[in-house]
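Novice: Residue numbers (the working numbering): 219 to 689.
I have a structure here, written as structure tokens, and I will follow up with some questions on it.
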């Protein structure tokens with residue numbers, strides 16, 4: 219085996235590595251474009267509304283205890299009236315959320331973000347004990363209840379559409395800005411007046427909420443019994459969070475999805491966790507009452523509570539698809555160069571390294587064409603145009619390099635098969651590994667069958683005596 223053959227193999231290997239480096243640079247460009255897309259999504263969220271999380275509603279009943287106490291001032295005892303302020307919180311006994319999502323894209327330049335608007339209805343009941351189980355802590359103390367309010371945590375209140383109105387015990391009340399409950403963070407609240415009762419009572423509430431958001435919606439079930447029913451015409455939902463919908467009633471069809479959840483306090487720690495947060499917030503308010511309003515605007519501590527989530531997933535993300543395609547770049551370029559090399563062996567052709575390089579660059583530019591086209595048209599059409607352009611160019615070029623139209627068409631057919639197989643792998647994400655493994659195995663088997671009778675010890679002499687006749 220002469221040195222020329224060895225140098226040829228080494229040269230092909232080096233060219234394969236260089237072409238793979240070129241593909242990796244294109245892959246870096248894909249990551250840059252994907253990062254830019256995420257930046258644009260953040261810009262859209264900053265100008266409209268981002269992912270939404272709803273927590274609540276929570277009933278807050280502020281009160282103070284007024285009592286007389288004796289103090290000594292300048293060695294003189296005197297009686298003064300003191301006041302201790304506090305707030306008692308109640309979570310719903312039953313809570314139901316029902317509604318549907320309308321979806322649309324919002325664009326900024328060539329990039330777009332998937333938005334939704336929830337047309338929701340929230341209702342339920344509170345079970346309230348007599349006088350809220352509040353007792354005077356001082357002898358002769360008097361409990362004075364103040365205006366109670368219902369707070370609802372909404373992570374991005376800019377998404378609220380319209381002016382929701384709370385129906386509490388069959389009476390209407392307007393919502394106001396701010397949840398007024400530190401543990402809920404951003405949101406809205408509805409003052410409902412003084413509602414103290416000397417006997418236990420069950421109070422029903424209901425309100426409609428139209429809420430815009432982007433890509434993901436979360437709801438935190440905080441009641442003893444929670445029922446959620448959501449639907450949309452979007453065909454590609456992604457359910458995540460701590461609770462999945464009921465599989466027996468879930469429907470996902472080309473017309474959209476319908477999903478239901480049933481969550482009890484026995485399967486969730488939300489009531490315990492939220493009560494702890496509320497108690498801590500109440501204690502902080504006692505120490506710094508004036509700071510409560512500002513603290514209520516703090517970010518909702520979502521890590522402490524369990525939520526159910528619906529993500530609106532784009533069926534084809536062009537950047538993730540293109541990224542997956544580039545992972546096969548080394549395989550495709552290596553196979554093409556291997557095919558050239560086999561032609562050199564079997565047909566006694568001489569292919570110059572410059573010709574290897576041009577063909578490799580043509581295959582690498584396929585990915586650049588793919589990503590640039592897919593930012594403006596559908597991924598499937600982009601893939602078709604990019605692959606046809608590359609196959610046509612390489613087929614024409616190879617017809618002359620291999621000095622045979624039939625050989626050029628043969629290579630074009632093989633490349634078409636490879637690109638078709640790659641698209642099948644990209645389109646079938648769940649079976650991508652299986653299909654990729656079968657593809658590699660099949661290509662190896664074909665290579666072994668074609669070269670099964672090659673005398674590798676005679677390769678150098680074959681290359682030294684070129685025969686350019688087409689077979």
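Ideal placement from N, C-alpha and C gives every residue a C-beta, glycine not left out.
(1) Return yes when the Cβ of residue 585 is within less than 8 Å of the Cβ of residue 547, no when it is not.
(2) When the Cα atoms are used, what is the spatial distance from residue 364 to residue 419?
(3) Bridge partners for residue 302 per DSSP, in chain order?
(4) Which ranges does the beta strand (DSSP E) cover as unbroken runs of at least 3 residues, wholly within the segment 597-646, from first to last along the chain?
(5) Between the Cα of residue 542 and the Cα atoms of 650, 345, 410, which residue gives the shortest distance?
(6) Per the contact definition of three or more C-beta pairs closer than 8 Å, is the segment 571-581 in contact with the segment 230-238?
(7) Measuring CB atoms only, is the segment 400-408 touching the segment 464-471, in the sense that at least three cross pairs come out at less than 8 Å?
(8) In chain order, what residues of the same chain have a beta carbon less than 7 Å from the beta carbon of residue 569, not counting five sequence neighbours either side?
(9) Using the Cα positions of residue 241 and residue 397, report the straight-line distance between them to the nearest angstrom.
(10) Can you check whether the CB of residue 336 is closer than 8 Å to the CB of residue 319?
(11) So what does DSSP say about residue 273, is it helix, strand or coil?
(12) Got a sec? Which residues, its chain only, sit under 7 Å from residue 661 by beta carbon, not counting five neighbours each side?
(13) On the CB-based measure, 16 or more other CB atoms within 10 Å of its CB, does residue 342 come out buried or exposed?
(14) Is it right to say residue 495 is buried, meaning 16 or more other beta carbons lie within 10 angstroms of its own, or is it exposed?
(15) Are residue 587 and residue 604 touching if we call contact CB-CB under 8 Å?
(16) Would you say residue 488 and residue 438 are within 8 Å of each other, going by their C-beta atoms?
(17) Using C-beta distances below 6 Å, list every residue in its chain close to residue 670, excluding the 5 sequence neighbours before and after it, in chain order.
(18) Measuring CB to CB, does residue 631 end up less than 8 Å from residue 643?
(19) Would DSSP call residue 540 helix, strand or coil?
(20) Cα separation between residue 460 and residue 526?
(21) Taking only the alpha-carbon atoms, compute the straight-line gap between residue 469 and residue 477 and give it to the nearest angstrom.
(22) DSSP on residue 225, reduced to helix/strand/coil?
(23) Are the beta-carbon atoms belonging to residue 633 and residue 609 less than 8 Å from one another?
Specialist: Working from what's here:
(1) Yes. Within cutoff.
(2) Taking the straight line joining both Cα atoms gives about 18 Å.
(3) Its beta-bridge partners are 283.
(4) Complete beta strand (DSSP E) runs here, min 3: none at all.
(5) Comparing Cα-Cα distances from residue 542 to each of 650, 345, 410, the minimum goes to 650.
(6) Using a C-beta cut-off of 8 Å, the segment 230-238 makes contact with the segment 571-581, since at least three inter-stretch Cβ pairs fall below that distance.
(7) Short answer: they don't touch.
(8) So the list reads 558, 562, 619, once near-sequence residues are dropped.
(9) Between the alpha carbons of residue 241 and residue 397 lies a distance of about 52 Å.
(10) Cβ distance < 8 Å, so residue 319 and residue 336 count as in contact.
(11) Correct three-state label for residue 273: strand.
(12) Within the same chain, residue 661 has close Cβ partners 553.
(13) Under this definition residue 342 is a buried residue.
(14) Counting the other CB atoms within 10 Å of its CB gives residue 495 a total of 16 or more, which places it among the buried residues.
(15) Going by C-beta atoms, residue 587 is nearer than 8 Å to residue 604.
(16) Yes, they are a contact pair.
(17) Contacts found: none.
(18) No, the pair does not count as a contact, with Cβ atoms beyond the cut-off.
(19) Helix at residue 540.
(20) A direct Cα-to-Cα measurement between residue 460 and residue 526 gives close to 6 Å.
(21) Their backbone Cα atoms lie some 6 Å apart in a straight line.
(22) Correct three-state label for residue 225: helix.
(23) Yes, these two residues count as a Cβ contact at 8 Å.
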